[in-house]
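First residue of the sequence shown: 15, per our numbering; consecutive thereafter. Notes follow once the structure below has been shown.
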Amino acid sequence: GCYILGGIPRTIPQAEALEQRGIGIDWAVSIEISDETIVERMAGRRACKNCGATYHIVNIPPKVEGVCDLCGGELAVRKDDAPETVKARLEVYHKETEPLKAFYNERGILKSVENQVSVEDTTKAIEKALGL
Numbered sequence: 015g016c017y018i019l020g021g022i023p024r025t026i027p028q029a030e031a032l033e034q035r036g037i038g039i040d041w042a043v044s045i046e047i048s049d050e051t052i053v054e055r056m057a058g059r060r061a062c063k064n065c066g067a068t069y070h071i072v073n074i075p076p077k078v079e080g081v082c083d084l085c086g087g088e089l090a091v092r093k094d095d096a097p098e099t100v101k102a103r104l105e106v107y108h109k110e111t112e113p114l115k116a117f118y119n120e121r122g123i124l125k126s127v128e129n130q131v132s133v134e135d136t137t138k139a140i141e142k143a144l145g146l
């Protein structure tokens with residue numbers, strides 16, 4: 015069988031711990047995207063304060079600006095999506111997680127994929143990189 019680990023390992027010590035436990039990784043996929051694009055995309059996300067439904071002001075806008083299509087609740091920027099928070103999270107990524115790219119590249123299992131405009135196109139690029 016196979017499975018996808020999303021969000022783990024996040025650090026080299028976690029990757030080494032997986033190896034020490036005999037948990038093999040066939041491929042590591044790095045989706046390449048600029049920090050600026052990440053901040054821009056996250057800033058456009060909105061969530062309903064009432065039901066939690068998510069939107070994006072450009073990609074998945076609600077029918078009425080600021081109003082949830084599902085329950086009529088107010089849409090707001092989540093604290094995690096505020097530019098300052100996203101930039102702080104990116105700093106942690108560059109310090110702790112980005113070194114994994116070299117770690118897995120040295121093992122010959124890193125596949126880097128350029129982020130595409132749509133989720134569908136990015137998915138196709140990942141499938142192509144993995145030979146699926």
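By construction, the Cβ of each residue, glycine as well, lies at the ideal position given by its N, Cα and C atoms.
> By Cβ distance below 7 Å, which residues in the same chain neighbour residue 117 in space, the five residues on each side in sequence not counted?
Replying inline: 26, 29
> In three-state DSSP terms, what is residue 115?
Replying inline: helix
> What is the rounded straight-line gap between the Cα of residue 112 and the Cα of residue 89?
Replying inline: 33 Å
> Which residues share a DSSP beta bridge with residue 89?
Replying inline: 62
> By DSSP, does residue 101 sit in helix, in strand, or in coil?
Replying inline: helix
> In three-state DSSP terms, what is residue 69?
Replying inline: strand
>> Helix, strand or coil for residue 52? Go by DSSP, reduced to three states.
In response: helix
>> Just to confirm, is the Cβ distance from residue 82 to residue 67 under 8 Å?
In response: yes
> Since residue 42 sits in a beta bridge, which residues does DSSP pair it with?
Replying inline: 124
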